[in-house]
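When the sequence shown is numbered by full-length UniProt numbering, its final residue is 228 and no position is left out of the sequence of numbers. Glycine included, C-beta positions come from ideal geometry on N, C-alpha and C. Inspection log for the structure reproduced underneath, given as structure tokens.
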Amino acid sequence: MENAIARAGGYTDLEATQYVEKLFQARLTLPTPTIEQLELFIANALDKTPFKEDKQNLSSTLKDLMPPNPRFIKNFINGLIVHHQFALSTSDDELKLRSAENYLSQLVLVHFLRTIFPDAYEIIAQKHEGALAEFIQVCDNAKVLNNERMQFFFTILENPLFTTAQSEGSHNPTPSRLGETRFRRIRSDAWRSRALDTFRTHFKEQFRTYTVAPQANDEYLTIEPYLV
Numbered sequence: 001m002e003n004a005i006a007r008a009g010g011y012t013d014l015e016a017t018q019y020v021e022k023l024f025q026a027r028l029t030l031p032t033p034t035i036e037q038l039e040l041f042i043a044n045a046l047d048k049t050p051f052k053e054d055k056q057n058l059s060s061t062l063k064d065l066m067p068p069n070p071r072f073i074k075n076f077i078n079g080l081i082v083h084h085q086f087a088l089s090t091s092d093d094e095l096k097l098r099s100a101e102n103y104l105s106q107l108v109l110v111h112f113l114r115t116i117f118p119d120a121y122e123i124i125a126q127k128h129e130g131a132l133a134e135f136i137q138v139c140d141n142a143k144v145l146n147n148e149r150m151q152f153f154f155t156i157l158e159n160p161l162f163t164t165a166q167s168e169g170s171h172n173p174t175p176s177r178l179g180e181t182r183f184r185r186i187r188s189d190a191w192r193s194r195a196l197d198t199f200r201t202h203f204k205e206q207f208r209t210y211t212v213a214p215q216a217n218d219e220y221l222t223i224e225p226y227l228v
């Protein structure tokens, strides 16, 4: 509801939350599902998809990338199915791609990139020379220095839970009590930190192999089938 009000009225997230709190004097908070419950929900959601046979491995991967939001998870899986169908239909060797050892892992990571970080995906999808290698360097916490594209990738991937004081290098930020609204927002967004760490770790592991390319655009050999 807060998101709909923010979009319709042009409010900030905080203003939308405060508006809802004024309308409803009683707040009912649903318990946050555990990681195990989230994995079970994802596995059940995969039962009627092309990934049914791989649902255990896939749900184990997705549980660390998904928020505790059933609608978001179902939408992501539906999008993953479409991405899967496009990747196979545009492949020169559908059988080889489908049977590749890391096919599902790579498909999930690229679909996550496309869904959560669309600006970064568009740059990589255009296969600019060096873009994928630079993105992987940022995933690996490399210093961005004066590289504008790496700075852009870093901004996209930066952890949203860092405070201003921490990001500016303060070693002893003054502790203060968070307001209830701010506390709830940080608590509800805690999955982002876990998802970001998981994504960065797995993405650099899956696609690092070809980033030092002997020829232009060879860096895209492994990721190209998923750039639809």
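Looking from the CA of D140, the closest CA among E148, F153 and E129 belongs to F153. Scanning its chain for C-beta atoms nearer than 8 Å, with the 5 sequence neighbours on each side dropped, one finds around L157 the residues F117, A120, V138, C139, L196 and R200, in chain order. Here the stretch 70 to 90 lies against the stretch 38 to 58, with 3 or more beta-carbon pairs under 8 Å apart. Where D119 is concerned, the enclosing alpha helix (DSSP H) starts and stops at P118 to A125. Under the three-state reduction of DSSP output, E101 falls in the coil class, being neither helix nor strand.
Put simply, the backbone Cα of H84 is about 7 Å away from that of L107. Secondary structure of D140 (DSSP, three-state): coil.
For the options L80, T12, A6 and L62, the alpha carbon positioned closest to that of H202 is the one of L62. For I156, the three-state secondary structure derived from DSSP is helix. Around the C-beta of P31, fewer than 16 other C-beta atoms lie within 10 Å, and the residue is accordingly described as exposed. L80 is classed as buried because its beta carbon has at least 16 other beta carbons within 10 Å across all chains shown. Under the three-state reduction of DSSP output, L80 falls in the helix class. Setting aside the 5 residues that flank it on each side, M66 is surrounded in the same chain by L38, I42, F72, I73, F76, W191 and A195, each with a C-beta closer than 8 Å to its C-beta; the list follows chain order. In this chain, the alpha helix (DSSP H) harbouring K55 covers K55 to L62.
The Cβ atoms of L88 and E219 lie no closer than 8 Å to each other.
A direct Cα-Cα distance of roughly 15 Å separates L221 from E205.
Approximately 6 Å separates the beta-carbon atoms of L104 and D54; this is inside 8 Å, confirming the contact. Taking every protein chain shown into account, the CB of S59 has 16 or more other CB atoms within 10 angstroms, so this residue is buried. A straight-line Cα-Cα distance of about 20 Å links T155 and D13. Residue P225 holds the alpha-carbon nearest to the alpha-carbon of Q126 among A8, P225 and S91.
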